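Student: Okay, handing you the structure first.
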Amino acid sequence: MSGSGGPPGPAVHQFVPALIPRDATGSHTLLLRQALRAAGWRSEIFAEATHDELAGQSIPVERYAELAEPGDVLIYQFSTSSMVADLLAERTEPLVLDYHNVTGPEHYLPWEPATARRAADALAQLRQLAPRAVLGLADSPFNQADLVAAGCRRTAVVPVLVDYDRMTEPPDPRVAGRLAARRSAGGADWLFVGRLVPSKGQHELVKALWAYRRLYDPEARLHLVGSAPSKRYLAALRAFIADLGLARAVRVAGEVSDASLAAHFQAADVYVSLSVHEGFGVPLLEAMAAGVPVVARAHGAVAGTVGPAGLLLGADDTPVTVAAAVHRIRSDPALAGHLLAAGYRRVAEHSLDRSARAAVEALAPVAGPPPAGTQAVTGIGRPGPGPLTVAGGLR
Amino acid sequence: MSSITEGEAVADGGEDATAADLVAEAEARAYLAQVMADIDEEVRRRRASGDLPARVERELDSLFLQFSPVAGRSGNMAEVLRMVDASAYIDPVVPVGSAKSGGAVVKKGVRQLSLWYMSWITAQVGQFAASVTRALHLLDEEVTELARRVEDQRVPSAPVIERPGVHGPTSWWAADVPGLVAHAPGRVLHAACGDGWLVRTLAAAGLDAYGTDPRGDRVERAETDGTDLRDEPLLGHLEATASASLGAIVVSGLIEAMAPGERDRLLDLIDDRLAPGGTLVVHSLSLKAWGADDVPPEVDLAPGRPLRPQTWSHLLEARGYGVTLVPGPDGADYLVVAMAGAGVPAVR
């Protein structure tokens, strides 16, 4: 497969169940490919399914068998159950698991039994692959513990690759206009970004907003951004919102473009996360990058991701505590300023260049020294649609 | 930034952090800890003012549960069966809508070509699903009949028995309880707490105390000063509580009226929920008081009767507690003080 995205030499290829735009794993995969190529390795993405927007960015996973070359190192972007895991279990190339966490089946069970089953399958696949992996990469120490428990003998923590500069780019003007019109009525804007599933705790946010409006700010609003894979949870959430009389105060925005997301972040007064399960929590850092102070319950990897750059609540803190925390930020400019400054530092610690270099350094003992050196891994940007030139493939 | 480890997990070290960075981070954490302490104080102040009683937050939880799926905590079998019935029919006529131009035409063509095959498969799957749902309905009828028969034999839950002078702030034992649980390794629970008289006494002694009581009206009336009182039966509350999470449990007016099975279940839960070194305090009427004329009518309706104090010693010592018995002044009641882990509680 010489000529696949770089000069002849060692190859570090990635495998992913689904390559999806505006998805943390999908974006990470594309950015990591850029970093691997910048380091001098040849690198392609093999996907079971690819979103139309990213057509041409990947090779069907079934084609790897005919394109494989001696010396290949394979990275599996692990976040869900997939036939890709079965395929990789049968390969003999050195395997690196890049683990982005699996939300446990217990978080889905009352709501989405089929999803719970898939989550259980994913964990079984993790236990199958982990002992055979030569290296496990984890977004956070929280995820690293999962890898070790699954039997991974060698692990490293490498933050997920994210271009946080997107949050300060020009927002979608129409969305920004709509949000500004709502803000003109007064009241704070709360924001949360994440899939609408029970474990993300959007219903807890609604409770906290209700308490906040009653105690401090009757005009406050909550914006929920993210796809809604659980129709049952969405229906329950909407009914709950209506029953509390919050239909005009809570806006379920759904999945949005990068420009719309930037508009939401730039219009937010506070980012509140009451999720009970996070393997890393990219939006927490996106909020910091956008200059939005963070309030979050310390579940999963949240405390490690936020560090001293946000108000961390106890796992069982009630809606009143959440409301009081938001009020404190809103009424204490010194605190808000402190959190913003700490947030910018936190984002700098997780900058794309820095994380990309960390990934290349972590892979070097497995794939050999990067031909171009780790210092070449700079200036990684948003993934472009660059054409694939796979000799013998993609003809 | 990354750190590779063999066999064990270590956190991302951030090896390029300087000593000054570490000092600054420690100061930032201390500042945020102070902010969080201020927020906790604000929450306490808000609760005490009655702006948003704890009861209202619990109502929010209950309200959301009403909207959770039938498989959730609020589910019932009839509703689940209705869902199963509705999903047992499998439609072989696949929708053909498409956002792409020409997509619907292509899909319609594929559907027409494959309908004979899909119909054959779905007919068999549908037949299987119908058989399963029929079996579930038969099972439901059997279980419903069994439940009716069990209900006829049902032992009622123990009522709360309160006797003036014996239960309340002027009782002989009320002043002793704060001292008995002073070194509790965690929160102190009082069940059945009534209007919270003992919880307030414990809180005044600097203890982190709360109460439960199955009589919702009593709790609601008493909760206005921000005291943490919960309208919950003791067994239900303990089932939802984490292991080893309570420093002490004080039970009064409740355990003497319990049926043996309910009492055993309660003691099993207490064994698990008390932290090591925790204290159990049981206040019970005596058998003599149980037969007196001035006891409330609930006594006649109770499924159980009081144990003798030495029977409590026997029961709790067998479970590994160190037990001290404290008889009341007129033989109408007594106190059992038991320490988890076989320590002997200090009693004046």
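Protein chains in written order, with the working numbering: chain A, -18 to 376; chain B, -6 to 341. Beta carbons: idealized from backbone N, C-alpha and C, even for Gly. Here the structure is a predicted model, which means the values were calculated and not measured.
Report the residue from A177(B), D326(B), V148(B) whose alpha carbon sits nearest the alpha carbon of L294(B).
Tutor: When each option's Cα is compared against that of L294(B), the closest is V148(B).
Student: With H, G and I counted as helix, E and B as strand and the rest as coil, what does DSSP make of G117(A)?
Tutor: Strand.
Student: So with CB distances below 9 angstroms, who are the chain B contacts of P300(A)?
Tutor: Here the neighbours are L45, E50, L53.
Student: Going by DSSP in three states, H(-6)(A) sits in which element: helix, strand or coil?
Tutor: If DSSP states are grouped into helix, strand and coil, H(-6)(A) belongs with the strands.
Student: For the beta strand (DSSP E) containing G271(B), list its first residue and its last residue.
Tutor: Element bounds for G271(B): 267 to 278.
Student: Please classify A184(B): does DSSP put it in a helix, a strand, or coil?
Tutor: Strand.
Student: Which residues does DSSP pair with M70(B) in a beta bridge?
Tutor: For M70(B), which the question treats as bridged, DSSP gives no partner whatsoever.
Student: In terms of alpha-carbon separation, which member of V83(A), R229(A), G21(A) lies closest to S63(A)?
Tutor: The option with the nearest alpha carbon to S63(A) is V83(A).
Student: Going straight from the alpha carbon of V103(B) to that of G37(A), what length do you get?
Tutor: Rounded to the nearest angstrom, the two C-alpha atoms are 26 angstroms apart.
Student: I want to know whether the stretch 325 to 343 of chain A touches the stretch 142 to 155 of chain A - three or more CB-CB distances under 8 angstroms.
Tutor: At 8 angstroms Cβ cutoff, the stretches touch.
Student: Taking the C-alpha atoms as reference points, what is the distance between D257(B) and M29(B)?
Tutor: Roughly 41 angstroms between the two C-alpha positions.
Student: Is the distance from the Cβ of E249(B) to the Cβ of G297(B) below 8 angstroms?
Tutor: Result yes, Cβ atoms of E249(B) and G297(B) sit closer than 8 angstroms.
Student: If we ignore side chains and look at the alpha-carbon of each, how far apart do P350(A) and Q356(A) end up?
Tutor: Between P350(A) and Q356(A), the C-alpha separation is close to 12 angstroms.
Student: Which runs of the alpha helix (DSSP H) spanning at least 4 residues fall entirely within the stretch 170 to 231 of chain A, listed in chain order?
Tutor: Listed in chain order, the complete alpha helix (DSSP H) runs (minimum 4 residues) inside the stretch 170 to 231 of chain A are 183 to 196, 212 to 224.
Student: Can you tell me whether Q125(A) is helix, strand or coil according to DSSP?
Tutor: DSSP places Q125(A) in helix when its eight states are reduced to three.
Student: Listing by chain order, which chain A residues have their CB less than 8 angstroms from the CB of D31(B)?
Tutor: What D31(B) touches in chain A: R309.
Student: Over what stretch of residues does the alpha helix (DSSP H) that includes F57(B) continue unbroken?
Tutor: Its alpha helix (DSSP H) spans residues 47 to 59.
Student: Would you call the stretch 183 to 195 of chain A in contact with the stretch 298 to 307 of chain A, where contact means no fewer than 3 C-beta pairs closer than 8 angstroms?
Tutor: Output reads yes: the stretch 298 to 307 of chain A touches the stretch 183 to 195 of chain A.
Student: Can at least three beta-carbon pairs, one atom from the stretch 46 to 66 of chain A and one from the stretch 149 to 158 of chain A, be found at a separation below 8 angstroms?
Tutor: The stretch 46 to 66 of chain A, when compared against the stretch 149 to 158 of chain A, does not touch it at the 8 angstroms Cβ threshold.
Student: Just verifying my parser: in three-state terms, what is the DSSP assignment at G419(B)?
Tutor: The question about residue 419(B) has no answer, for chain B in this structure spans -6 to 341.
Student: Going by DSSP, what residue range makes up the alpha helix (DSSP H) through S312(A)?
Tutor: 300 to 312 is the extent of the alpha helix (DSSP H) around S312(A).
Student: Since I believe R180(B) is in contact with D201(B) (beta carbons under 8 angstroms), could you give me their beta-carbon distance rounded to a whole number of angstroms?
Tutor: With 8 angstroms as the limit, D201(B) and R180(B) qualify as a contact, their Cβ atoms being about 5 angstroms apart.
Student: Which residues of chain A have a Cβ atom closer than 7 angstroms to the Cβ of F60(B), listed in chain order?
Tutor: The contacting residues are A217, A220, F221.
Student: Would you kindly report the start and end of the unbroken beta strand (DSSP E) that includes A331(B)?
Tutor: A331(B) -> beta strand (DSSP E) spans 326 to 332.
Student: If distances are taken between C-alpha atoms only, which option among P302(B), S91(B), R51(B) comes closest to K281(B)?
Tutor: The shortest Cα separation from K281(B) among P302(B), S91(B), R51(B) belongs to P302(B).
Student: Can you tell me which of E34(A), A30(A), T31(A), P(-9)(A) puts its alpha carbon nearest to the alpha carbon of W22(A)?
Tutor: Checking every option, the nearest Cα to that of W22(A) belongs to P(-9)(A).
Student: For W190(B), which residues from the same chain have a beta carbon less than 7 angstroms from its beta carbon, with the 5 sequence-adjacent residues on both sides left out?
Tutor: Closer than 7 angstroms at Cβ, skipping near neighbours: G161, P162.
Student: Just list the residues that DSSP pairs Q58(A) with in beta bridges.
Tutor: D79(A).
Student: Let me see if you follow: with CB-CB separation under 8 angstroms, is R195(A) close to chain B or not?
Tutor: True, the Cβ-Cβ gap to chain B drops below 8 angstroms.
Student: Would you tell me roughly how many angstroms separate the C-alpha atoms of I1(A) and T61(A), rounded to the nearest one?
Tutor: Their Cα atoms are separated by approximately 13 angstroms.
Student: For L104(A), which residues in the same chain have their Cβ closer than 6 angstroms to its Cβ, ignoring the five residues on either side in sequence?
Tutor: Excluding positions up to five away in sequence, the list reads V83.
Student: What beta strand (DSSP E) runs, 3 residues minimum, are completely inside the stretch 110 to 168 of chain B?
Tutor: The qualifying runs do not exist here; there are none.
Student: Alpha carbon to alpha carbon, what distance is there between A215(B) and D188(B)?
Tutor: C-alpha separation (whole angstroms): 5 angstroms.
Student: When you compare only the Cα positions, how much space is there between S67(B) and R335(A)?
Tutor: Bear in mind that a pLDDT of 44 at S67(B), under 50, signals an unreliable position, so the number given afterwards is only what the model happens to contain. Going by the C-alpha atoms only, they are around 49 angstroms apart.
Student: Apply the 10 Å Cβ neighbour rule to F246(A) and answer buried if 16 or more other Cβ atoms are within range, or exposed otherwise.
Tutor: The residue is buried, with at least 16 neighbouring Cβ atoms inside 10 Å.
Student: With respect to the alpha helix (DSSP H) encompassing V316(B), which residues constitute its N-terminal and C-terminal limits?
Tutor: Looking at the DSSP string, V316(B) is not in any alpha helix (DSSP H); the run it does join, the beta strand (DSSP E), is 315 to 320.
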